[in-house]
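Residue numbering for the sequence shown follows UniProt numbering, starting at 1 and increasing by one per position. Below is one structure, written out as structure tokens, with a few remarks after it.
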Amino acid sequence: MKMRQGQCRHLPVLQEGQLVGILSDRDLKEAWPSDSSAISSGELVQNVGKIKVKDVMTQTLITIDEETSIEETAVHLLKRNISALLVVNQRGHLTGIVTVKDLLRELVRLTSY
Numbered sequence: 001m002k003m004r005q006g007q008c009r010h011l012p013v014l015q016e017g018q019l020v021g022i023l024s025d026r027d028l029k030e031a032w033p034s035d036s037s038a039i040s041s042g043e044l045v046q047n048v049g050k051i052k053v054k055d056v057m058t059q060t061l062i063t064i065d066e067e068t069s070i071e072e073t074a075v076h077l078l079k080r081n082i083s084a085l086l087v088v089n090q091r092g093h094l095t096g097i098v099t100v101k102d103l104l105r106e107l108v109r110l111t112s113y
């Protein structure tokens with residue numbers, strides 16, 4: 001629901017408590033038919049219900065440790081041309097997601113008087 005409302009662009013995918021992928025708005029856009037403008041809205045809604053997360057999620061996980069610096073996080077995002085990284089603890093359990101927007105927000109906070 002939050003993804004549809006534009007409040008969230010990345011969702012971690014867990015299976016039995018284990019991190020198995022990440023679903024992004026980019027994954028969904030790539031799964032969407034390129035000729036969707038020629039399809040009626042009813043057909044689009046009907047087809048979306050048939051798409052499974054496991055079929056469109058990114059399974060190659062790029063994670064960072066909770067102790068990773070903001071600078072190193074930014075380098076990872078830029079090098080890989082991605083907009084979010086999954087954050088894991090020492091046990092490899094998901095503890096959060098850091099996004100480009102999060103880094104920009106922190107930069108503004110740090111440079112504001």
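In this text, a Cβ means the ideal position worked out from N, Cα and C, and glycines have one as well.
{"Check": "Own chain, CB closer than 8 angstroms to T58, minus 5 neighbours either side, in chain order", "Outcome": "G21, I22, L23, S24 and D27"}
{"Check": "A84 and I97 closer than 8 angstroms at C-beta", "Outcome": "yes"}
{"Check": "Proximity below 8 angstroms, CB of T95 to CB of E66", "Outcome": "yes"}
{"Check": "Of the listed residues D102, R80, R105 and W32, nearest to L61 (C-alpha basis)", "Outcome": "R80"}
{"Check": "Separation of V108 from P12, as counted between CA atoms", "Outcome": "27 angstroms"}
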